[in-house]
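Protein chains: 6
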Amino acid sequence: AEIARPVGICSMMRLPVQDSSEGLDAAFVGVPLDIGTSNRPGARFGPRHIRAESAMVRAYNGGTRAAPFESLMVADIGDVNVNLYDLKDSCKMIRKAFKKIVSTGCIPLTLGGDHTIAYPILQSVAEKYGPVGLVHVDAHADTSDIVLGEKICHGTPFRRCVDEGLLDCKRVVQIGLRGSTYEPDGYLWSKEQGFRVVTGEDCWLRSLAPLMKEVRQQMGNGPVYISFDIDALDPAFAPGTGTPEIAGLQPSQALEIIRGCRGMKVVGCDLVEVSPIYNTSGNTALTAANLLFEMLCVLPNVKYH
Amino acid sequence: AEIARPVGICSMMRLPVQDSSEGLDAAFVGVPLDIGTSNRPGARFGPRHIRAESAMVRAYNGGTRAAPFESLMVADIGDVNVNLYDLKDSCKMIRKAFKKIVSTGCIPLTLGGDHTIAYPILQSVAEKYGPVGLVHVDAHADTSDIVLGEKICHGTPFRRCVDEGLLDCKRVVQIGLRGSTYEPDGYLWSKEQGFRVVTGEDCWLRSLAPLMKEVRQQMGNGPVYISFDIDALDPAFAPGTGTPEIAGLQPSQALEIIRGCRGMKVVGCDLVEVSPIYNTSGNTALTAANLLFEMLCVLPNVKYH
Amino acid sequence: AEIARPVGICSMMRLPVQDSSEGLDAAFVGVPLDIGTSNRPGARFGPRHIRAESAMVRAYNGGTRAAPFESLMVADIGDVNVNLYDLKDSCKMIRKAFKKIVSTGCIPLTLGGDHTIAYPILQSVAEKYGPVGLVHVDAHADTSDIVLGEKICHGTPFRRCVDEGLLDCKRVVQIGLRGSTYEPDGYLWSKEQGFRVVTGEDCWLRSLAPLMKEVRQQMGNGPVYISFDIDALDPAFAPGTGTPEIAGLQPSQALEIIRGCRGMKVVGCDLVEVSPIYNTSGNTALTAANLLFEMLCVLPNVKYH
Amino acid sequence: AEIARPVGICSMMRLPVQDSSEGLDAAFVGVPLDIGTSNRPGARFGPRHIRAESAMVRAYNGGTRAAPFESLMVADIGDVNVNLYDLKDSCKMIRKAFKKIVSTGCIPLTLGGDHTIAYPILQSVAEKYGPVGLVHVDAHADTSDIVLGEKICHGTPFRRCVDEGLLDCKRVVQIGLRGSTYEPDGYLWSKEQGFRVVTGEDCWLRSLAPLMKEVRQQMGNGPVYISFDIDALDPAFAPGTGTPEIAGLQPSQALEIIRGCRGMKVVGCDLVEVSPIYNTSGNTALTAANLLFEMLCVLPNVKYH
Amino acid sequence: AEIARPVGICSMMRLPVQDSSEGLDAAFVGVPLDIGTSNRPGARFGPRHIRAESAMVRAYNGGTRAAPFESLMVADIGDVNVNLYDLKDSCKMIRKAFKKIVSTGCIPLTLGGDHTIAYPILQSVAEKYGPVGLVHVDAHADTSDIVLGEKICHGTPFRRCVDEGLLDCKRVVQIGLRGSTYEPDGYLWSKEQGFRVVTGEDCWLRSLAPLMKEVRQQMGNGPVYISFDIDALDPAFAPGTGTPEIAGLQPSQALEIIRGCRGMKVVGCDLVEVSPIYNTSGNTALTAANLLFEMLCVLPNVKYH
Amino acid sequence: AEIARPVGICSMMRLPVQDSSEGLDAAFVGVPLDIGTSNRPGARFGPRHIRAESAMVRAYNGGTRAAPFESLMVADIGDVNVNLYDLKDSCKMIRKAFKKIVSTGCIPLTLGGDHTIAYPILQSVAEKYGPVGLVHVDAHADTSDIVLGEKICHGTPFRRCVDEGLLDCKRVVQIGLRGSTYEPDGYLWSKEQGFRVVTGEDCWLRSLAPLMKEVRQQMGNGPVYISFDIDALDPAFAPGTGTPEIAGLQPSQALEIIRGCRGMKVVGCDLVEVSPIYNTSGNTALTAANLLFEMLCVLPNVKYH
Ligand SMILES: [Mn+2]
Ligand SMILES: [Mn+2]
Ligand SMILES: [Mn+2]
Ligand SMILES: [Mn+2]
Ligand SMILES: [Mn+2]
Ligand SMILES: [Mn+2]
Ligand SMILES: [Mn+2]
Ligand SMILES: [Mn+2]
Ligand SMILES: [Mn+2]
Ligand SMILES: [Mn+2]
Ligand SMILES: [Mn+2]
Ligand SMILES: [Mn+2]
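Residue numbers (this note's numbering), protein chains in the order written: chain D, 29 to 333; chain Y, 29 to 333; chain B, 29 to 333; chain G, 29 to 333; chain H, 29 to 333; chain U, 29 to 333.
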C-alpha cells in the first residue's frame, strides 16, 4: 500500500533502518557534528533535516534513469555518536565508526555535519582502500594548516589528509572555490600538492560536463571519494549553511558534477555543512537529500534503464 | 554510552520503534493528517516535528517525580497511514488502525494531526471500553454539526462522538473554550449534553488545581480519554497551530490540567493541531512533546518517586 | 452558502467594502503609515495583514455574547491614502479623511499604522465632539515634546493633542506604561496634565476588571476615544511591533480593558503599531483583528445576548 | 491622485473587484484549494498572498511594452468557493464556477491553489472551446493515474484531462520536468500521448526563445491553455511551494516561455502551487503576480507600444 | 544632537567602547562561545544581537527610577576572544580575560554565550572576592558532574564551581528549575550542597517579591554573583535559546528577581544562552538587553530618583 | 592572535572605527535611512546588518588577487545621523556629512539605506569633483520626476541629479533595469539624457565582461561614481530588499560589473536597499558586504598580486 509523504519515522528516503552496515552495498549514515564550524553553527541538525526532507525523493532518477535500488542493498544505519564538547574526541569516534562501516565493503553516504568530519572518514576509507582520489566540491579549499590555533576544524580537513597521506594528490580536484581569502593566493597550497583547482569563476554560466570528462580521466581506475560541501552552491540555492560565499554553483552544475562521476570507482561520499535553521523552508536540506540520492546513483554497479 | 541530543533516527523521546502495540502498556503513535483543517494547514507534519523536538525530553518528570519508564513498557509505533485526498476514507483508516492498537490493552498517546482524528480514535476506544469520559482541552468546542456542508472535519469530532454514543456525557469537561463564535452562545449545545464547560475566561490568571480536583470527581472510576488541542494554549506559547485564539491557557495551567488527571483511568490521549511551519523555532512541537510526556506520566500504574 | 476561510477578497472580518462611511454606524478603516516610527518600521502593512487574519473572527463574541452586527451597520471603508515621503503631509491627509468619516456620526475603528496617526484622527474627532476622554493602552506614554528635532512622530501624538486642547485631561487614562525612559520620571508630564497613569508594573499578575470600574467612572458620560498600541501587550503575545518593551500586558488583560469600556460613550477607536514582518505567523495581526472586534462590541447600542 | 503601495483593499494589481465576469475580456480569479497536495500544504493561501504582493506590479510591461489595460477590460472577480473537506466536491464547485466565467468569452487568469484545480478548469474550458492545446510548465508531469488510491489530486490532473478528451494531445508541451520519479521513465505516458516533453535538463543554462518558436508552431491556431506550476522554477526563485525539485527553471526562462506564447489563441491561464508560508518574504507570491501579469500581456488583442 | 536608533556602531546601549576595564565601575563584555551547548547552538551570536537590540534601551529605569549612569562609569569593553574549536582552552582564555577585568574592581556584566562561561568567570571572580553568593536563575540546575563524558559544558558549571570552592553554598539560590530530568530528583545534589532551590512550579502565577526578600537575607553582606540563563523565562518570552523548557518564568518575575537584588553586594552578572537565530524578530536579544540593564541598575551605589 | 568570527564590536570587515575620514584613502560609512521607500521598509537596518555579516569577509580578493589593505588606508567611520521623521531634512544632513568626508579626498563606500541617499551623496561628490560619470546597477531607473506628489524619494534620485547637473550624462550607464513600468517606455527619459540603458533582458544568461569593456571606454578618465542597488540582483540572491523585481542579475554578473570598473577613476560608491528583516538568514547583507569589498578592490591604486 502507498504511504503518504508525511507518514512514518524519518529515515533517509524512508529506507529501512538497521544498526550496522552488515550486508549492505551502500549505507546512508549521519554525523551530527558542528563544533568544527567557524561562523554559523547548526550543522549538527543536518542529518535530522536531510532525512525529513528526503521523504520527497523517489526511487528512480528522472534525469539519468538510474535505478539504484534495483542493483544495490541500501539502508539507513542511523547516526554516528559524537562528543559535542570535544572536537578531537569526536574525530576519533567518527574514525572508529567508519572503520567498521567500510570494513565490509559497504560504501558510506554521509549526511553531515560540518566538513571536519571528512578527515576522520577519510582516515578510515584510506585505511581500507589506500590513498584515494578526491572530488571535492566546495566554496573553500579547506586546506588551512592552523585556524584559531587549532589543527582540526572545518577549515583544515584536506590539509590533515595530505599530512597523513590519505589522498592520491594527482587525483584530487577541487571545484567551486571562491570568495575572499586570507592569503593573496588562497589556493596556492592546493596547486602545490598537485590538486586541480577549478574556481567559482571558472564555472560561471557554463556547463560543467566538459570539465567532468577530464575529471573522469584524472581519476582513472583508483578509488575515489566525493566530498560535497553544500556551500559550493550559490547561497540562493542553499541558504542553510554556515559560511556562504556569493556567486557559487548552480544546482544544475552540481548535478553535472555528480552525474559526471559515473564510471569512477567511488568508495565513499559525503554531503556536509547543511545548517537547517538558516533556511526554515527546509529547501537546503531537500537539496542535500537530492544530491545524496544522485551520489547513490553513480555508485559502481548501479543499473540504468 | 550517552548519546548526544542531535544524534539518531527521530522516534518519540528516542524510544525504540516497533511495528505494532504488541506487548506495550502504552504507545506513541502519529496521525499525520490535516485535511480536516478550516484555516491554516500543516498539522500533517506535527508528528514529524514533535518527534524531532522530543529529543530534549528526559526520562523523569522533574515536577512530579513520575518515572513512567520504570513501570510501563512504552515504544513509538510510528504513524498510521492516511489518505491525504479523502478525509472520510482517512477516518476509516485511522479507526481501523486504532482498533488494533487498543485491542491488546495498549494505551495510545497520539501525535496529531488535526482534531478530526479524535473522532475515529474515539470510535475505536469506545468500541473497546464503552462510552468514555473526556477531558477536552481546547480553545474550541469542536461540536459543530455541519461545517461547509460536511459532517466530518476538525470542528465536529465531539458532535459525531455524541451522535454515536461514544462519550459518557456527564463525564465530559471542556477546558479553555473562548474566542468569537458562530452563534450567540457557542457552547450551548455542549451544556445541553451535560458537558462541563470551562471557558478561557474562567481560567485567566488562576491556578487550575482546584478545578481538576472537581474533574477527578466528575470522572469517577470509568475510562477517560484526554484530548488536548494545542490551541488551548495562548498563541504566544503555541504559535504553531492552525486556528489560534487569543487570551488562552498558560503552559503551567496545561500542566495542572494534565497532572490533575493522575488517578483517573486514562485509556487514551491525544495532542493535536501542531502545525510546525507556523513556528520555525520548533518550540510549539517541543511543547507538544512535553505535554505528551506529561500524559504518559499520569497513566495508571506509573511509579512516582 | 458557507464560505471557506481562505476564500475571498480580504476585507475586515469579510465585511462588505464601501467607499464612504455614509449610512454606517461604525466603519473599519486602515491608515497604512509607518514613517513616524523610531525603531523597526513595517506598520504600513498593518492594515493589510490585520484584514487577512481577520478572516478567523466570527460574528459573535463568545466571551461577552455581544452581537454587534445585530445592532449596527458596519463596513470596511478601505484605507486612507498617505504620503509615504512626508509625515506632516500625511497627517493632513488623515485629518481630512477622518473629518469626513466622523461627519455622519459614523464611529471609526482604525487599523494602524504607527501611533502618529492618533494625532490627526483626534483632531477630527475633537472637532466633531469637543475634547474627548481617552483610554490609551500602550507601553509608552507617547507624550514627548520633540524627538530627533521633530514635533510629529509616534512618540508625540498625545502631547500634540493636549497642546491643541483635543483631550479632556481629567478623563485620560494611560495603561501599561513601562520600560526604560529618557527622563528620571518618564510619566511626570502625564501626571501633571491630570492623566491617570497605570504602569506595567501596576498590572502584573492581576485582573484589570477593578481598574476598569474606576475608569468607567472617570470617563463619565462624555465622549471617549480608545487608542490601543499593540505594544501594550508583552512582546510574547505581540512580537510583530516596532518598539517592544518586556513585561507587558497579557491578552486577558487587554480584553478586560476593552470589555471594561462597555457603557462608555465611545466615539472612535484605533489599534496601532502592528508591524507584521516581525511576526511571520500572522498572530500579532490576528490579535489586533480580535481586539478591534472587541472594540466594536463595546460601542454604544450593541446588543448583548 | 496617486495611491501609495500599502494602501487599499487587496485586489489583483489593485484592479476593480466585481462579482461576475460579465463584460470582461479577462478576469483574475482565485481558487484557494490545497487539499490535493501530496507534501507541504498551504496553497490555499496562494490567492490571498499573490493579490497582496501584486500591489508592486505596474500597468505596463517594461520588457515587452505590452499595455494590456489599453486593450482589454480586466477585473478581479474574487475567489471561487471550495469545500476544504472534500476534494471531489471542490472540483465540482470549481467546474461550475468556471463554466460561468468562460461562458461570456471572458478569459480566466487563475490564482491557485494546488494543481488539482487545472482539471475542473479545463473541463469548463474544453466544454466551451473543445479540446485545447496546453502549455504546461512544471517540475512534474502531473499525469499519474492513481495516487494513494485516488484518481483526483495534484499529481493527476492532466491524466484526467486526457481521459476525458479535454486536450488536443498533439498540441501539448510540458516544460521543466525533472527530479526523481516513481517509474524508470517518468514521462513515458506523456510521450505516448504525443505530448512534447522538455525536461529540466533540456533547459539548463539556455535561452528558451528557440523552443518557444517551435511551440508556437505546434500550437497552431487552435485554442491554448497555459498552466504554470510555480515549482517549474528552481526553488531558489520560488521557495514557497509544496513539492520543490532542484535544478529548475530560471525566472528569465519563465518569462521567455510566457512571452513566447504571444500570438497563440490563449483561452485561459493558471498559476498554481504557491504556498506562501514557506517563503515569508512574500517573494514567491510576488513572482506569481508578475507571471500572471505576463500571461495577461500575451492574451489575444493586447496592444504593444 | 539626538541620534536615531538605527544609527551607529553597535555597542551595548550605545555606550562608548574601550579596550580595557581601566577606570570603569562596571563594564559590559561579551563572550561569544557556544560549543558547550547540548542541543541548539547559536549562542555565539548572543553578544552581537544583544548589542544590536540594546539600541532600544534608554538611560533611566522607568520602573524603579534607577539612574545608573549618574553614579557609575560604564562602558562596553567588547568581547573576550575564544577558541571555537576547544572548549577547555576557551575556558582558560575567559578566566584570564576576566581576571584582568575584575582586578581593577570593575564589575563585569557579561553578554553570553552559553552557560559554560559562568565557570571560568566565577574562577576569576572568586579569586578576587573569595567564595561568592549566587543568584542563579535558570530552567536547569547546571550541576551535572559529567555529560557525554565531559566535565566541562553548559550543564556542569556550578558543579565545577562547588568542586573548586568558588561558591559560598549557603548563599546560593537557584530559581526557575523545571522540566524533565535525568534522575528521579534532579535537584537533589543542589539541596545537598545547601543551595536553596525554587522550582518553576514554585513560581507559577505568583509574585516573586516575597521570595526575593528572603533571598536578600540569605545573601547577607557577602559578595554576590548573578547568573541569569535566559531559558529561565518561558519559551514564549525567550524563544531564542538552545534548551527551552515549558512553563517558565514571566518577564515580570525576572524583573522582580533582579530588582530584588538591590542592596546586595553584587560583584558580577551574566546573561547567557541567547541563541538569536531561533528568534528572528530579535525580541529574545532585546529581552536580554533589558535584563542586563536591570542588573546594572542594582549594582552597589546606583542612584535612584 | 587570531580572532574568532563572532567576536568583537561590529565594524565593517572588523576594520578600526574612527570618527572622521581624516587620513583615510577610503572609508566605509553607513546611512541608515529608509523613509524614501515606496514599498517594504527596513533599509534603515541595512548598515547594522551589513557590518554584522561582513565579519565573514577576509582581506584578499580570491577572484582577482586584489589586496586593498596593502595600498590604502581604510576604516569604518560609523553612520551619518538622519532625521527619521523628515526625508528632506535627512537629505540635508547627509549632504553635509558627505561634504566633509570627501573634502579630504577620502573615497566613501556607503552602506545604505534606501536609494534616496544617492542624491545628497552625489551633491557632495559633484561639488568636489564636478559632474561625475555613473555606473548605476539597479532593477529600476530611479528617474521619476514626482512620486506621490514628492520630488525626493528612492524613485527619483537620478532625476534630481540631472536637474542639478551633478552627472556627466554621456558617462552614465544603467544596468539591470526591468519589471513592470508606469509608462509604455519606462526608460525613455534616461535615453533622452544620453544614458546608456542595459535592461535585465539584455543580461540574461550572459557574461557582462564584454559590456564592461565598453563601459570602461564610456567612462574615460573622468571621475566615476558607482551606485549599486541590491535589487539589481534577482530576488533569489537578494530577497532582503524592498522592491524586488523578478528575473534579475546573478551575483557572478554583479562581480563582473564591479570588477569591470577596475581602471576607472572611482570617487565614491554605494550599496543600497538592503532591508534585512526580509531575509533572516543574513545572506542579503552578506552579499552586500561582499559587493562593497569588491568595490573597495577596484578603487584607484589598489595593489593586485
Ligand atoms: Mn568545506
Ligand atoms: Mn565550504
Ligand atoms: Mn480542537
Ligand atoms: Mn482548537
Ligand atoms: Mn504608542
Ligand atoms: Mn508603544
Ligand atoms: Mn503541477
Ligand atoms: Mn509541480
Ligand atoms: Mn544554564
Ligand atoms: Mn538553562
Ligand atoms: Mn534604486
Ligand atoms: Mn531598485
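Beta carbons: idealized from backbone N, C-alpha and C, even for Gly.
The structure presented is a predicted model; accordingly, all values stated were derived computationally and were not measured.
| Query | Result |
| --- | --- |
| On the premise that Gly-310 of chain D lies in contact with Glu-81 of chain D, defined as a C-beta separation below 8 Å, what is that separation, rounded to the nearest angstrom? | 5 Å |
| Give me the DSSP bridge partner(s) of Gly-296 of chain G. | G:Tyr-253 |
| Going by beta carbon distance, what residues of the same chain come within less than 7 Å of Arg-287 of chain G, once the five residues before and after it are set aside? | Thr-92, Glu-322 and Val-326 |
| Buried or exposed: Met-41 of chain B, going by 16 or more other Cβ atoms within 10 Å of its Cβ? | buried |
| Taking any Cβ of chain B, which residues in the region 228-260 of chain U have a Cβ under 9 Å from it, in chain order? | none |
| Counting only beta-carbon separations shorter than 8 Å, does Pro-212 of chain G have a partner in chain D? | yes |
| Reducing DSSP to helix, strand and coil, say where Tyr-215 of chain Y ends up. | coil |
| Alpha carbon to alpha carbon, what distance is there between Met-292 of chain H and Ser-255 of chain Y? | 48 Å |
| Of the residues that make up the region 31-52 of chain Y, which ones have a beta carbon closer than 9 Å to any beta carbon in chain D? | Ile-31, Ala-32, Arg-33, Pro-34, Val-35, Gly-36, Ile-37, Cys-38, Ser-39 and Val-45 |
| Provide the residue span of the alpha helix (DSSP H) that contains Thr-124 of chain B, from first to last. | Looking at the sequence provided, one finds Lys at residue 124 of chain B rather than Thr. First-last of the alpha helix (DSSP H) with Lys-124 of chain B: 115-131. |
| So is Tyr-147 of chain B buried or exposed if we call it buried at 16+ other beta carbons inside 10 Å? | buried |
| Which word fits Gly-161 of chain G, buried or exposed, when buried means at least 16 other C-beta atoms lie within 10 angstroms of its C-beta? | buried |
| Using DSSP bridges, identify the partner residues of Val-16 of chain D. | Coverage of chain D is limited to positions 29 through 333, which leaves residue 16 of chain D absent and any answer about it impossible. |
| May I ask whether a heavy atom of ligand 2 can be found less than 7 Å away from the beta carbon of Ala-32 of chain B? | no |
| So, is the C-beta of Thr-307 of chain D closer than 8 Å to a C-beta in chain U? | Checking the sequence, you will find Asn at residue 307 of chain D rather than Thr. Yes - at least one Cβ of chain U is within 8 Å of the one on Asn-307 of chain D. |
| Rounded to the nearest angstrom, how far is the Cβ of Ser-218 of chain B from that of Thr-144 of chain B, given a contact under 8 Å? | 18 Å between Cβ atoms; not a contact. |
| Is Glu-301 of chain Y close to ligand 3? I mean its beta-carbon at under 7 Å from any heavy atom of the ligand. | yes |
| Find the nearest neighbour of Val-300 of chain D within the set D:Lys-156, D:Ala-266, D:Ala-95 and D:Ser-208, judged by alpha-carbon distance. | D:Ala-266 |
| Taking 8 Å as the CB-CB limit, is Asp-62 of chain H close to chain D? | yes |
| Give the single residue among B:Arg-86, B:His-333, B:Gly-276 and B:Glu-178 whose Cα lies nearest to the Cα of Asp-257 of chain B. | B:Gly-276 |
| Check whether the Cβ of Ala-71 of chain D sits closer than 7 Å to any heavy atom of ligand 8, and report yes or no. | no |
| If the cut is a Cβ gap below 9 Å, which residues of chain B does Phe-73 of chain G touch? | Pro-34 and Ala-80 |
| Under a CB-based cut-off of 8 Å, is His-164 of chain G close to chain U? | no |
| Buried or exposed for Asn-67 of chain U, going by 16 or more other Cβ atoms inside 10 Å? | buried |
| Note down, in chain order, each residue of its chain lying with its Cβ closer than 7 Å to the Cβ of Gly-214 of chain D, except the 5 sequence neighbours on either side. | Ala-169 |
| Where does Glu-50 of chain G sit, in a helix, a strand or coil, going by DSSP? | coil |
| At the 8 Å Cβ level, is Asp-262 of chain H part of the contact set with chain Y, yes or no? | yes |
| For Gly-65 of chain B, which residues of its own chain have a beta-carbon under 6 Å away from its beta-carbon, when the five flanking residues on both sides are left out? | Looking at the sequence shown, residue 65 of chain B is not Gly but Thr. Here the set comprises Asp-142, His-182 and Gly-270. |
| To the nearest angstrom, report how far apart Val-295 of chain H and Leu-239 of chain H are at their CA atoms. | 21 Å |
| Around the C-beta of Asp-191 of chain U, are 16 or more other C-beta atoms found within 10 angstroms, so that it is buried, or is it exposed? | exposed |
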